[in-house]
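These notes are about the structure you will find just below.
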């Protein structure tokens, strides 16, 4: 496997596809070392299931030793492009850290692509343990499985709240999280999604710029036609 020097930082949630394998390897200097290898499976932006190999080296091996197949984890690391023996390009993750997302089952995970109906609202709360954390709340509108418009309340806590704090009304995003059912103050049943990951697909400003460019192109085209 030939690795590319280009590296990109990444945070990716996914389920461990197989138990961790500790394997021996030899460095370029001829020194032996150990590496922990496994793969995670997740839903990509296109809604398709994707597998991604993950490797942990040196002291990072201890961080994954107790993980097992089926665990939902959040991986922090760097993306590395490499060439398979067949010459095909692929991407792996060099793990720097990871979190075990306990109490989450695969069937509870939802994946939504939609537009924010409002700017993100940030509030501070105190947990049962007395810890103060930030919560980010917003709504997205999306198309359900029947192609009908639907909306969903999204909440992000702690570190995840900071990740979405700057999102604006109209931004197009891909969010993944766990559905939580609760009763509001009036006693009515409600459902929200507790966010685990998100990706910006298109900022409102970018779409506006594209519209302005399209308008300018049409304007110039019409002008050219008149001159002809």
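Numbering (the numbering used here), first residue to last: 10 to 237.
Glycine included, each C-beta is placed from N, C-alpha and C at the ideal position.
Predicted, not measured: the structure shown is a model, and the values here were computed from it.
Whole beta strand (DSSP E) elements within the region 151-197, 3-residue minimum:
158-166 and 181-192
Any beta-carbon of chain D closer than 8 angstroms to the one on residue 163?
The displayed structure is made up of one protein chain only, and chain D is not part of it.
Helix, strand or coil: which one does DSSP assign to residue 53?
Along the chain shown, read from residue 1 onward, the residue named residue 53 stands at position 44. Of the three classes helix, strand and coil, the one that applies to residue 53 here is coil, per DSSP.
Take residue 91 as the anchor and find which of 208, 103, 83 and 81 has the nearest alpha-carbon.
Looking up residue 91 in the chain shown gives position 82. When only C-alpha atoms are compared, the closest one is 103.
Taking residue 133 as the reference, which of 127, 145, 21 and 123 has the closest Cα?
On the chain shown, residue 133 is found 124 positions in, with the first residue counted as 1. Selected option, being the one with the closest Cα: 145.
7 angstroms CB neighbourhood of residue 108 in its chain, flanking five on each side removed
Numbered from its first residue, the chain shown carries residue 108 at position 99. Within the same chain, residue 108 has close Cβ partners 82 and 83.
What separation, rounded to the nearest whole angstrom, lies between the Cα atoms of residue 207 and residue 23?
Taking the first residue of the chain shown as 1, we reach residue 207 at position 198. Taking the first residue of the chain shown as 1, we reach residue 23 at position 14. So the two alpha carbons sit approximately 13 angstroms from each other.
Residue range of the beta strand (DSSP E) that includes residue 69:
The residue given as residue 69 occupies position 60 in the chain shown. Looking at the DSSP string, residue 69 is not in any beta strand (DSSP E), and its letter there is neither H nor E.
Am I right that residue 72 and residue 106 are in contact with their C-beta atoms under 8 angstroms? What's the rounded C-beta distance?
By one-based count along the chain shown, residue 72 stands at place 63. By one-based count along the chain shown, residue 106 stands at place 97. About 6 angstroms; that satisfies the 8 angstroms criterion.
Tell me which residues share the same chain as residue 189 and place their Cβ nearer than 6 angstroms to its Cβ, disregarding the 5 neighbours each side in the sequence.
Numbered from 1 along the chain shown, position 180 holds the residue referred to as residue 189. Hits under 6 angstroms: 201 and 203.
Which of helix, strand or coil DSSP assigns to residue 38
As a first step, residue 38 is located in the chain shown; it is residue number 29 there, counting from the start. Coil.
For residue 70, which residues from the same chain have a beta carbon less than 8 angstroms from its beta carbon, with the 5 sequence-adjacent residues on both sides left out?
Translated into the one-based positions of the chain shown, residue 70 becomes position 61. Scanning its chain for C-beta atoms nearer than 8 angstroms, with the 5 sequence neighbours on each side dropped, one finds around residue 70 the residues 31, 43, 44 and 45, in chain order.
Can residue 77 and residue 142 be called in contact, C-beta distance under 8 angstroms?
As a working mapping, residue 77 is identified with position 68 in the chain shown. As a working mapping, residue 142 is identified with position 133 in the chain shown. Taking 8 angstroms as the Cβ cut-off, residue 77 and residue 142 do not qualify as a contacting pair.
Counting along the chain, where does the beta strand (DSSP E) carrying residue 132 start and finish?
Here residue 132 is taken as the residue at index 123 of the chain shown, counted from 1. Residues 130-135.
Using the Cβ count rule (16 or more neighbours within 10 Å means buried), how would you classify residue 49?
Counting from 1 along the chain shown, the entry for residue 49 is found at position 40. With 16 or more other Cβ atoms within 10 Å, it is buried.
Return the CA-CA distance between residue 156 and residue 52, expressed in angstroms with no decimal places.
As a working mapping, residue 156 is identified with position 147 in the chain shown. As a working mapping, residue 52 is identified with position 43 in the chain shown. Whole-angstrom Cα-Cα distance: 20 angstroms.
Please classify residue 109: does DSSP put it in a helix, a strand, or coil?
Walking along the chain shown from the start, residue 109 turns up at place 100. DSSP places residue 109 in strand when its eight states are reduced to three.
Residues of its chain near residue 100, where Cβ-Cβ distance is below 6 angstroms and the 5 sequence neighbours each way are ignored:
Counting from 1 along the chain shown, the entry for residue 100 is found at position 91. Here the set comprises 88 and 90.
Reducing DSSP to helix, strand and coil, say where residue 139 ends up.
As a first step, residue 139 is located in the chain shown; it is residue number 130 there, counting from the start. Coil, per DSSP.
What are the boundary residues of the beta strand (DSSP E) that residue 121 is part of?
As a first step, residue 121 must be located in the chain shown, where it is residue number 112. 118-125 is the span of the beta strand (DSSP E), which, as asked, contains residue 121.
In or out: residue 33 buried (at least 16 other Cβ within 10 Å) or exposed?
Here residue 33 refers to the residue found at position 24 when the chain shown is read from its first residue. Exposed, because fewer than 16 other Cβ atoms sit within 10 Å of the Cβ of residue 33.
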